[in-house]
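Data block below; observations after.
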DNA sequence: TCAATCCGTATC
DNA sequence: ATACGGATTGAC
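Residue numbers (this note's numbering): 413 to 1128.
Laid out in structure tokens, this is it:
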């Protein structure tokens, strides 16, 4: 029922009129009379009986005979709704693009060319849909629309779709052993090429000891699950294309999600090179309604075995799904901003869990969530050995805590430390391009110790301290306590200051520091995909770094201070993710590739960059989060609304044992925000409790809404 | 005692 | 939204 009210978030039974007996199949859109109104709905299941004792009404009409909602997706949507304390209707709105009638009739159902027939059993589920119901349809219109338990209530999966080691181990899905030898040890000291696909079935997965085994498992139709740390200079899109190709060769379909249009273009090109044209579709919100629906239909009808896209594709139907993949899962674009705010990584992992598909979570960096997958044994890591890492990695140097500015006056005005200036000059002399990464402005400035720059955290709850306006007394953004007598735990310092980002001007100033060198910028307004080799400066904001054919001679990471002091739980992780993404575009040290990061080399994220060891950092990060009780070690939900509404919801909620309330802190005007924290083992119970409580309120027609967000991207 | 009305709740 | 049931109220 397309009614986003929590207390109506369940199936309702309707009679199927005999003229719709054939066409009203599960997965179709229908119109029904509900509480005196005509509303849209989903036909979830046909059944011969109904548990409802009241009188049943007939379906009003069939919107279209196209069964757009695949059974697998119906189950997935229910699981996602449950995980995020949301409604099925909301998730289905995200999962199935709006119907485009003209497209639907234009694109007459061609015979499925790509993949062996499949569908209801998408993947390998024996228990998918119950009661297809012929009988009811033919004779009397007494069939019912009822998904009820079949698709609904995913057995309490403990922590939900996330890593739940116990339930994760299935015969077919056991992570492929990272078998040791076999692969060429004497890899020639060849440069990582920044373009091009290697010959051989394993492609360049050979650079990772367990890589070939992963590909073999995919090609063998098995379901390995991997967290992949890409080497510097890695052509990740080609590797993804190879993994997808292996999956298709193994007789399955694949789905890959990337963060933005640029990554999508790259993957699209790589996939076309490997699979040939017409074997995949791309799905993104940017396509527009008609093309989006067309691509969706092609996938739904099984005409292509592979779907790639941005997060709009995370629910895409894929016949015989054999692999779900996500690249750079730490990018916050993977978080859906519409209710119930699901994250692409979690959705894809849920799909892997539900269908027994393989999973690939890759990036130059590793998120704490990915680390959790590794540590719980849900997935195996695919990493290169240290010797290979060293061979591929540029030379990374920190400028130290108090960077000495370059002597050159022009460089000094650009706030360029001498180390950075020299690295850039050397690269330009060698006729190599130089990448300069500067943070975008607009970050909420956190406060940190003036002396040692340690970010200031609340002594009570470890939340971030902030200076509200001109007021000199810092307060906690989580629990609202005022930290009047704050003393830095590191150095005892008592003075705090806000981090201020000055970014844009740097770009212009850089041009002056290197007269005669062409300067290009890539950022929000205009994102460059690729720049030519040869001497030149490229100033880019994080995420907008163009690639260049031979790799950059030098990469400068400026104003890292602003990244590191963001008022965000993930500041360190995010800084490292952005640095690695930029540094990965540099040539290896053996080719003179250099990276200069303007930061203190003692800081953990900087250390991780120097060593090029994202796994090590992720392990530290996850350990910290465990200690502090932060996600993903704990599960959190935020409740936002007027104080009365939030209190009302909490009063109605039967929170699980051990639930902790943090806050309130002021949110938008007249609004406040509460955080609820539970151990991971209570995650499902928390979501259930919040959803029921929301149901109590919608049933009562409470006027003031409360926004419930499980795993909010930003905790403050 | 009965009907008009109010309120809360369910909605196939 | 609207329809319904049960409780409440007020007039006969």
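Note that beta-carbon positions come from the ideal geometry of N, C-alpha and C, so glycine has one too.
Three-state secondary structure (DSSP) of residue i
i	result
residue 1139	Any answer about residue 1139 is impossible in this case: the structure gives the chain only from 413 up to 1128.
residue 983	helix
residue 616	helix
residue 765	helix
residue 421	coil
residue 692	strand
residue 1122	strand
residue 1018	helix
residue 481	coil
residue 941	coil
residue 749	coil
residue 471	strand
residue 1067	coil
residue 1005	coil
residue 623	helix
residue 793	strand
residue 805	coil
residue 462	coil
residue 1051	strand
residue 1088	strand
residue 773	strand
residue 960	strand
residue 999	coil
N-terminal and C-terminal residue of the alpha helix (DSSP H) that residue i is part of
i	result
residue 651	648 to 661
residue 1036	1026 to 1040
residue 708	701 to 712
residue 1063	1055 to 1064
residue 1095	1095 to 1111
residue 781	780 to 787
residue 443	Counting along the chain, residue 443 falls outside any alpha helix (DSSP H), though it belongs to the beta strand (DSSP E) covering 441 to 446.
Burial state of residue i (16 or more Cβ within 10 Å)
i	result
residue 740	buried
residue 1201	One cannot answer for residue 1201 here, as it falls past the ends of the chain, which runs 413 to 1128.
residue 552	Any reading at residue 552 is ruled out, since the residue's pLDDT is 25, under 50, leaving its predicted position unreliable.
residue 428	buried
residue 654	buried
residue 464	exposed
residue 934	buried
residue 450	exposed
residue 535	Residue placement at residue 535 cannot be trusted, given a pLDDT of 30 that sits under 50; the coordinates are not used to answer.
residue 937	exposed
residue 1081	exposed
residue 862	exposed
residue 765	buried
residue 941	exposed
residue 1124	buried
residue 641	buried
residue 517	exposed
residue 735	buried
CB-CB length for residue i against residue j, believed under 8 Å
i	j	result
residue 943	residue 840	Between residue 840 and residue 943 the Cβ distance is about 14 Å, and since that is not below 8 Å, they are no contact.
residue 964	residue 846	6 Å
residue 454	residue 473	So it is not a contact: roughly 14 Å between Cβ atoms.
residue 1054	residue 418	At roughly 18 Å, the Cβ-Cβ gap does not stay under 8 Å, so residue 1054 and residue 418 are not in contact.
residue 996	residue 1061	44 Å between Cβ atoms; not a contact.
Continuous beta strand (DSSP E) stretch holding residue i: start and end
i	result
residue 952	948 to 952
residue 452	449 to 454
residue 640	637 to 641
residue 849	845 to 849
residue 968	966 to 969
residue 1072	1072 to 1078
residue 934	931 to 934
residue 737	733 to 739
The region 997 to 1012 / the region 979 to 986 touching (three or more Cβ pairs under 8 Å): As far as the Cβ criterion goes, the region 997 to 1012 does not touch the region 979 to 986, which means the pair count is below three.
Given 8 Å, three or more beta-carbon pairs between the region 738 to 758 and the region 709 to 725: Touching, yes.
Cβ contact check for the region 495 to 513 and the region 686 to 706: 3 or more pairs under 8 Å: Yes, since at least three Cβ pairs between the region 495 to 513 and the region 686 to 706 fall closer than 8 Å, the two stretches touch.
Segment contact, 8 Å Cβ cut-off, at least three pairs: the region 484 to 504 with the region 756 to 771: Yes, the region 484 to 504 touches the region 756 to 771.
Stretch pair the region 786 to 806 + the region 1009 to 1016: three plus CB contacts closer than 8 Å: Flag = no, the region 786 to 806 and the region 1009 to 1016 do not touch.
Stretch pair the region 1020 to 1030 + the region 661 to 672: three plus CB contacts closer than 8 Å: Judged by Cβ distances under 8 Å, the region 1020 to 1030 makes no contact with the region 661 to 672, as fewer than three pairs qualify.
The region 1058 to 1066 contacting the region 1031 to 1038, beta-carbon criterion three pairs below 8 Å: Three or more beta-carbon pairs separated by less than 8 Å are not found between the region 1058 to 1066 and the region 1031 to 1038, which leaves the two stretches without contact.
Contact between the region 640 to 650 and the region 676 to 692 (3+ Cβ pairs under 8 Å): They touch, by the three-pair rule.
Segment contact, 8 Å Cβ cut-off, at least three pairs: the region 1117 to 1124 with the region 1040 to 1052: At 8 Å Cβ cutoff, the stretches touch.
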